[in-house]
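Per the working numbering, the very first residue in the sequence shown carries number 19; after that it's consecutive. Glycine is no exception: its CB is placed at the ideal position from the N, C-alpha and C atoms. Single-structure report; data block below.
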Amino acid sequence: MSNILVTGGAGFTGRHIVNDLADLGHNVISYNRDFLEAPRPDVTSIQGELFDIPRLLVAFKDHDIDAIIHTAAMSHPTYSLNFPLATFSANVEGTVSVFEAARIHGIKRIVNFSSECIYGKTSVAAVLESEPHNPTTPYAITKVAGEWLGQVYQERYGIDVISLRIGQVYGPGNRMDEVVRDVMRGVIHDGAFSIDHGADHRYNLVYVRDVANAAAAAVQAPMATAPRQLGYNISGPEHATLAEIADVVRAAFPGNPIAIGPGFDPTLDLQGHFSIAAAAADLGYVPSWPLERAIPDYGEWLAKHDS
């Protein structure tokens with residue numbers, strides 16, 4: 019059992035991570051910008067800013083923190099085009115503040131949330147972690163910076179930083195624009211979904227429950243005995259087109275029309291299929307939520323909630 023602080027623990031992915039870690043018997047501290055009551059009796063909620071290093075240090079000391087999972091961020095690449103400075107401040111200054119507080123306190127394990135966006139457009143069929151970075155949004159640039167900061171804090175200060183390059187996340191609790199969410203909300207709340215383009219666009223999808231599994235695997239992984247690679251791809255089993263996603267939704271919720279025109283999503287990068295072999299080998303991560311299992315689970319949630 020460890021004492022683990024999760025930044026952004028009340029966010030979309032963070033809340034699933036917090037619940038999973040608590041279920042595993044860890045003492046979990048959810049650190050959030052806004053004041054929020056703890057989601058369950060065995061979780062502690064703390065209000066604080068990422069930039070507030072003294073506040074972080076008090077939290078680390080009071081709860082004897084062993085490890086950090088850093089998820090807090092401005093987390094949408096398209097939104098970052100409208101708010102580049104705010105994105106940089108939250109995602110780079112916030113991240114280095116968390117790393118620095120960990121260094122001062124002596125914490126030796128940080129799981130840092132990076133993103134698929136660091137690759138930009140890729141021309142290879144299988145995307146390994148060695149694929150060059152080609153960020154195309156301010157958000158993606160901040161995630162590249164976060165990984166390299168993690169590398170420096172690992173090599174210079176001995177903190178075992180594990181950066182997870184998360185694919186396109188879908189599932190319960192997401193309030194941002196996302197293709198699976200859009201299709202599912204249309205079918206469940208409106209009885210139909212239609213869009214005039216995008217059927218051929220492929221996505222490295224990962225269900226949010228698998229993201230939580232990956233975070234738990236990473237934070238519990240044995241400490242590195244040599245410098246780690248810069249980041250690990252985290253994705254689900256599929257590299258699915260929107261048309262293929264729609265087929266799974268149709269099978270799960272028959273009788274609701276779904277119409278999708280051909281082509282691609284012009285707002286997103288075209289990417290090959292992420293290899294997750296390194297995450298499996300080094301962290302023990304294996305996705306367990308394929309689309310056929312995840313879509314009905316997500317649908318059950320959406321039937322009771324707006325997002």
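Straight-line gap, residue i to residue j (C-alpha atoms, nearest Å)
i	j	result
N152	I159	9 Å
S306	P255	8 Å
D178	Y250	14 Å
D315	V226	11 Å
L332	L99	It is not possible to answer for residue 332, since the shown part of the chain is limited to 19 through 325.
I35	L75	22 Å
D70	A119	9 Å
N37	G164	25 Å
R121	V187	30 Å
A91	V110	9 Å
D300	I125	21 Å
N21	I47	8 Å
T285	I213	14 Å
A242	I64	29 Å
N231	A210	32 Å
D283	G204	18 Å
G216	G281	5 Å
G302	A239	8 Å
F271	R73	48 Å
G138	D52	32 Å
Own chain residues within Cβ distance below 8 Å of residue i, not counting five before or after
i	result
D195	H94, T96
G185	E134, Y221, N222, L223, V224, N251, I252, S253, G254, F292
A261	A217, D218, I278
R174	none
P308	G254, P255, E256
Rounded Cβ spacing between residue i and residue j (contact assumed at less than 8 Å)
i	j	result
R183	E134	6 Å
V142	A236	About 25 Å; that fails the 8 Å criterion.
D84	R127	7 Å
I276	A258	About 14 Å; that fails the 8 Å criterion.
T25	T105	So it is not a contact: roughly 16 Å between Cβ atoms.
G189	A56	Contact doesn't hold; Cβ gap of about 22 Å is too wide.
A233	I87	5 Å
S107	S181	S107 to S181, Cβ: 20 Å. No contact.
I169	L248	Going by the sequence as given, residue 169 is Gln instead of Ile. That pair is a contact at about 6 Å.
Where residue i falls, given that 16 or more other Cβ within 10 Å makes a residue buried
i	result
G279	exposed
G273	exposed
D228	buried
V145	buried
H207	exposed
I356	The chain is shown only over 19 to 325; residue 356 falls outside these bounds and no answer can be derived.
L288	exposed
V304	exposed
R58	exposed
L54	exposed
L103	exposed
E310	exposed
M202	buried
H323	exposed
E147	buried
E318	exposed
G384	Outside the displayed span of the chain (19 to 325) sits residue 384, for which this structure offers no information.
G27	buried
A40	buried
G176	exposed
A77	buried
Other residues of its chain near residue i: CB distance less than 7 Å, five sequence neighbours each side excluded
i	result
T155	P95, S98, L99, C135
Q172	D178, V179, P245, R246
L167	T113, V114, F117
A321	I206
G43	M19
V61	V36, A40, V46, S48
V267	V201, M202, V205, I276, I313
Close-in-space but distant-in-sequence residues of the same chain around residue i (CB under 6 Å, 5 per side omitted)
i	result
F30	G191, N192
V162	I136, H151, P153
Any non-hydrogen atom of the ligand GTP within 8 Å of residue i CB
i	result
R193	This structure lacks the ligand GTP; in fact it carries no ligand of any kind.
- May I have a chain-ordered list of the alpha helix (DSSP H) segments no shorter than 4 residues that lie completely inside the stretch 213 to 270? 226 to 238, 260 to 270
- Query: Can you list, in chain order, the stretches of the alpha helix (DSSP H) that have 4 or more residues and sit fully within the stretch 95 to 149?
  - Reply: 95 to 100, 102 to 106, 112 to 123
- For the stretch 142 to 195, list the beta strand (DSSP E) runs that are entirely contained and at least 3 residues long, ordered along the chain. 178 to 184, 186 to 188
- Minimum length 4: unbroken alpha helix (DSSP H) runs contained in the stretch 286 to 321: 295 to 301, 309 to 320
- Item | 3 or more residues per run - each beta strand (DSSP E) lying fully within the stretch 32 to 78 | 45 to 50, 61 to 65
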